[in-house]
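Visitor: Protein sequence lines correspond, in order, to chains A and B.
Per this note's numbering: the first sequence = residues 1 to 366.
Per this note's numbering: the second sequence = residues 1 to 366.
2 protein chains.
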Amino acid sequence: MAMLDKTLRAAHEHRKVRREHYPGGEYLRLTDGFQGLPRGTAIFGETLVYGYPQVGRIVRLDQGLREQIQGSFWAEEKIDGYNVRIARIGDRVLAFTRGGFDCPFTTDRLPDLIDLSFFEAHPDLVLCAEAAGPDTPYVVGHPPHVTEDVRLFVFDIMRLGAPGFLPLSEKYALVDTHGLPAVDRFGPFTARDYGKVRDILRELNEKGREGLVFKEDRPNGRRVKYVTADSSVTDIEVNMHDMLQLPPAYFTGRILRLALFEDEVGREATAELAGRLGEAFLDGLSETLEQFRRDRRVYDTFRCRFRDPANAARLLERIRRSDRRVHVSQRRLLKEGDLYLLEFDKVYDAMTGLLNHLLKGGVVYD
Amino acid sequence: MAMLDKTLRAAHEHRKVRREHYPGGEYLRLTDGFQGLPRGTAIFGETLVYGYPQVGRIVRLDQGLREQIQGSFWAEEKIDGYNVRIARIGDRVLAFTRGGFDCPFTTDRLPDLIDLSFFEAHPDLVLCAEAAGPDTPYVVGHPPHVTEDVRLFVFDIMRLGAPGFLPLSEKYALVDTHGLPAVDRFGPFTARDYGKVRDILRELNEKGREGLVFKEDRPNGRRVKYVTADSSVTDIEVNMHDMLQLPPAYFTGRILRLALFEDEVGREATAELAGRLGEAFLDGLSETLEQFRRDRRVYDTFRCRFRDPANAARLLERIRRSDRRVHVSQRRLLKEGDLYLLEFDKVYDAMTGLLNHLLKGGVVYD
């Protein structure tokens, strides 16, 4: 641990580490990658939950697979939700967001999402999963096949205190043995199976699903992701409320992906893509304008359910603290069966202010 | 001049002023607005060419006119080109770009664009004009009614050393008396004429023209601009080569304008707008991909004509120095009738590099 102590002292000096509170006490959270520790790493004394590393994206399937992936690989479905790592810390099982925050919502609902006896058998393992569904506090939009509440899709397993992931075969064995909810897997493939992979992606695209993550079938193998055209268009449409505050490349990146997808698949096969792209922008904004006229503000409403209503308050406080671009306002918190349903709005101040200014006939200098 | 000297010394201390060379000597150029002097102000000893002030934009015609414009006003056509100010400095007549550079191209071609005897009659006046056409060194795209070379459209007259513009009546009289090439004008109107103004804009939109600038008909009156939906779509289409290096709001601003236009005019009247928007993006990028495959780089080719070929070299040097985002490469300079035709490429390094990386199957982290 002397090594870790030294790294943490240095991270502290560079202001890359923050002290966080959770119901069980305190821990340290890495706000940026630092000396080999990824952003979002959570440190509980000597217990370390490594951050989930960024996965590179290819935008050309044929050349991308040949260039990036060697030998045998698996393709796992990429789910449109938010990334969590689930680990046992002392006598609690906690879910961490990508940034390394313990998530009051996901942690609260873990017993409904996964059989926690897994952590009795394997207290040293960390499940990496996508949480997705219509009722989460973070994501606008959801996979079409998750029609209510929230579900978990495990896609990797790490070991506490160790970087990297368990080998795929070990992960698949654990997933199957414990009946863990997991992402769909396809394979094994080699680069020669490009045609098969393309067909899977075509089908996912038609079903409105997000894409695939390709993982080399060897220890510490490489991994890259590829998303469907449908997912790029949907991302644009559902995020128009927040248009002004998304990163500059949010839209141009997705449009470039669409153009490269069209280029790879052929224009005939993608005839409707331009219309859908244009509509994503204009329908998204038209709905935004309607909302503004009706309610005088631009917002998204989120719903999510809790076992313990105290966690609802913790969640709102967390979002308020970590996302300064939005104004969070609770609509209601009420008992619904065995659970408590929280409804809240994220109000987008920049978009609200701009529309208010423009629709009154205001002037912009650009 | 004591006042000006003081301001200039302060501007110099704040690094807002630069010394520039032109064939007649040296002058000072304001790189940013400073203490009431606009960006692009050019200072020749005691002779001062004020910068052309920014004109605010309204995106709602009805509320915008009512809110921003009082009393009688004129609507002048907004031309899609680049802004120049033309002034007599000593025994030369020079054309300055928005940034305050003397433009080797425009200055060279002034005798073809305008009757320079204007400056013999009025040596103290500055003509503010849009230079536009298929053959300019700055602008991709051009007004559909300027089918060859370049033309000038005067829209304002200033006085050397004085801020603000001549009253509209005085300007129109000078334009008419001297037969100056000028933008089309419509009016006078009052806010009650919203319907008439909307009809003019609808017609301009159908003709593929850029829009209108509204100017109050009183000394130092306010002015605001409004652009057509067609112009927003065209801007997107013709600038996809340079997608990565345009300001973040370039695309979102135009999409928002389209949505507000659609909202004001009604969806039925704008049914084709979504398709055109999507095509602007995807066709623009598809053409970019074709170009990259053919030539291994992403670029725009510019053509422009000179009386004196030495000015062609000066122009290229100027562009190289002022636009670091592009790599400028001359294609040819040859005599064509009485003029010299320069052809050169602006190569967009960021887009070229990204496509090269992505099409080879490279990975991005986003």
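C-beta atoms are modelled at their ideal positions from N, C-alpha and C, and glycine is treated no differently.
In this text, all values refer to a predicted model and were calculated from it rather than measured experimentally.
1) Can you grab the Cα-Cα spacing for the pair Phe-292(A) / Val-347(B), in whole Å?
2) For Ala-249(B), which residues in chain A fall below 7 angstroms Cβ to Cβ?
3) Anything in chain B within Cβ reach of Arg-60(A), meaning under 9 angstroms, just list it in chain order.
4) What residue from Tyr-27(B), Leu-168(B), Arg-307(B), Glu-76(B) has the CA that sits closest to Thr-106(B)'s CA?
5) If I follow the unbroken alpha helix (DSSP H) through Glu-216(A), where does it start and stop?
6) Asp-300(A) to Val-140(A), Cα distance in whole Å?
7) What does Ser-286(A) touch in chain B if you count any residue whose Cβ is under 9 angstroms from its own?
8) Buried or exposed: where does Asp-80(A) fall if 16 or more other Cβ atoms within 10 Å of its Cβ makes it buried?
9) Can you say whether Leu-334(A) is buried or exposed, counting buried as having 16 or more other CB atoms within 10 angstroms of its CB?
10) Check whether chain A comes within 8 angstroms of Thr-97(B), counting only Cβ atoms and requiring the distance to be less than that.
11) Does any C-beta atom of chain A lie closer than 8 angstroms to the C-beta of Leu-316(B)?
12) Using a Cβ-Cβ cut-off of less than 8 angstroms, list which residues of the region 61 to 78 of chain B approach chain A; keep chain order.
13) Residues in its own chain within less than 6 angstroms of Tyr-82(B) by CB, not counting five upstream and five downstream?
14) Distance, Cα to Cα, Leu-8(A) vs Gly-36(B)?
15) When you compare only the Cα positions, how much space is there between Thr-31(B) and Gly-40(B)?
16) Starting from the Cα of Leu-113(B), find the closest Cα among Phe-165(B), Leu-125(B), Arg-151(B), Lys-78(B) and give me that residue.
17) Check for me: the beta strand (DSSP E) holding His-21(A) runs from which residue to which?
18) Is there a Cβ of chain B sitting closer than 8 angstroms to that of Ala-274(A), yes or no?
19) Does the CB of Gly-253(A) have a neighbour CB from chain B at under 8 angstroms?
20) For Leu-339(B), which residues in the same chain have their Cβ closer than 6 angstroms to its Cβ, ignoring the five residues on either side in sequence?
21) Is Val-197(B) near Ala-75(B), with beta carbons less than 8 angstroms apart?
22) What residues in the region 184 to 198 of chain A bring their beta carbon closer than 9 angstroms to a beta carbon of chain B?
23) Is there a C-beta anywhere in chain A that falls below 8 angstroms from the one on Glu-216(B)?
24) Return helix, strand or coil for Lys-6(A), following the three-state DSSP convention.
25) Per DSSP, Met-158(A) forms a beta bridge with which residues?
26) Please go through the same chain and pick out, in chain order, the residues whose beta-carbon is closer than 7 angstroms to the beta-carbon of Ala-280(A), but skip the five residues on each side of it.
27) With 16 as the cutoff for other CB atoms within 10 Å, does Glu-77(B) come out buried or exposed?
28) Give me the chain A residues within the contact set of Met-158(B), using Cβ-Cβ distance strictly less than 9 angstroms, ordered along the chain.
29) What are the boundary residues of the beta strand (DSSP E) that includes Leu-28(B)?
30) Under 8 angstroms: do the region 6 to 21 of chain A and the region 52 to 71 of chain A share three or more Cβ pairs, one atom per stretch?
31) State yes or no: is the C-beta of Thr-288(B) within less than 8 angstroms of the C-beta of Met-243(A)?
32) Could you compute how far the alpha carbon of Ala-10(A) sits from the alpha carbon of Gly-99(A)?
33) Establish whether the CB of Met-243(B) and some CB of chain A are separated by less than 8 angstroms.
34) Would you please state the rounded distance, in angstroms, between the beta carbons of Gln-68(B) and Val-84(A)? I believe it to be under 8 angstroms.
35) So which of Phe-153(A), Pro-123(A), Ser-117(A), Leu-125(A) has the shortest CA-CA distance to Gly-133(A)?
36) Are there 16 or more other CB atoms within 10 angstroms of the CB of Leu-315(B), so buried, or fewer, so exposed?
Guide: To lay it out plainly:
1) Annotation: Phe-292(A) to Val-347(B) spans about 42 angstroms, alpha carbon to alpha carbon.
2) Around Ala-249(B), the beta-carbon contacts reaching into chain A at under 7 angstroms are Asp-366.
3) Simply Leu-358, Leu-359, Lys-360, Gly-361, Gly-362.
4) Closest option to Thr-106(B), judged by alpha-carbon separation, among Tyr-27(B), Leu-168(B), Arg-307(B), Glu-76(B): Arg-307(B).
5) Looking at the DSSP string, Glu-216(A) is not in any alpha helix (DSSP H); the run it does join, the beta strand (DSSP E), is 211 to 216.
6) Going by the C-alpha atoms only, they are around 8 angstroms apart.
7) Residues of chain B passing the Cβ test: Ala-259, Glu-262, Asp-263, Arg-267.
8) Classification of Asp-80(A): buried, given that the 10 Å Cβ count is 16 or more.
9) Classified as exposed, Leu-334(A) has fewer than 16 neighbouring CB atoms from the shown chains inside 10 Å of its CB.
10) Not closer than 8 angstroms to any Cβ of chain A, the Cβ of Thr-97(B) fails to qualify, so no.
11) Closer than 8 angstroms: no.
12) So the list reads Asp-62, Gln-63, Gly-64, Leu-65, Arg-66, Glu-67, Gln-68, given in the order they occur along the chain.
13) Within the same chain, Cβ atoms closer than 6 angstroms to the Cβ of Tyr-82(B) are found at Ala-131, Tyr-138, Val-139, the five residues on either side in sequence being excluded.
14) So the alpha carbons of these two residues sit roughly 51 angstroms apart.
15) Looking at the two C-alpha atoms, the distance is approximately 6 angstroms.
16) The shortest Cα separation from Leu-113(B) among Phe-165(B), Leu-125(B), Arg-151(B), Lys-78(B) belongs to Arg-151(B).
17) Per DSSP, His-21(A) belongs to the beta strand (DSSP E) from 17 to 22.
18) True, the Cβ-Cβ gap to chain B drops below 8 angstroms.
19) It does: the Cβ of Gly-253(A) has a partner Cβ on chain B nearer than 8 angstroms.
20) So the list reads Arg-305, once near-sequence residues are dropped.
21) Yes.
22) Listed in sequence order: no entries.
23) Chain A, which has no Cβ nearer than 8 angstroms to the Cβ of Glu-216(B), makes this no.
24) In the three-state scheme derived from DSSP, where H, G and I count as helix and E and B as strand, Lys-6(A) is classed as helix.
25) The secondary-structure analysis by DSSP pairs Met-158(A) across a beta bridge with Val-126(A).
26) So the list reads Val-233, Ile-236, Glu-237, once near-sequence residues are dropped.
27) Classification of Glu-77(B): buried, given that the 10 Å Cβ count is 16 or more.
28) Those do not exist, as Met-158(B) stays about 20 angstroms from chain A at its closest Cβ, beyond 9 angstroms.
29) It spans 25 to 30 - the beta strand (DSSP E) in which Leu-28(B) sits, taken as one unbroken run.
30) Short answer: they don't touch.
31) Contact flag unset, no.
32) Using only the alpha carbons, I get a separation of about 19 angstroms.
33) At least one beta carbon of chain A lies nearer than 8 angstroms to the beta carbon of Met-243(B).
34) Contact doesn't hold; Cβ gap of about 50 angstroms is too wide.
35) Of the listed residues, the one whose Cα sits closest to Gly-133(A) is Phe-153(A).
36) By the neighbour-count criterion, in which a residue is buried when 16 or more other Cβ atoms sit within 10 angstroms of its Cβ, Leu-315(B) is buried.
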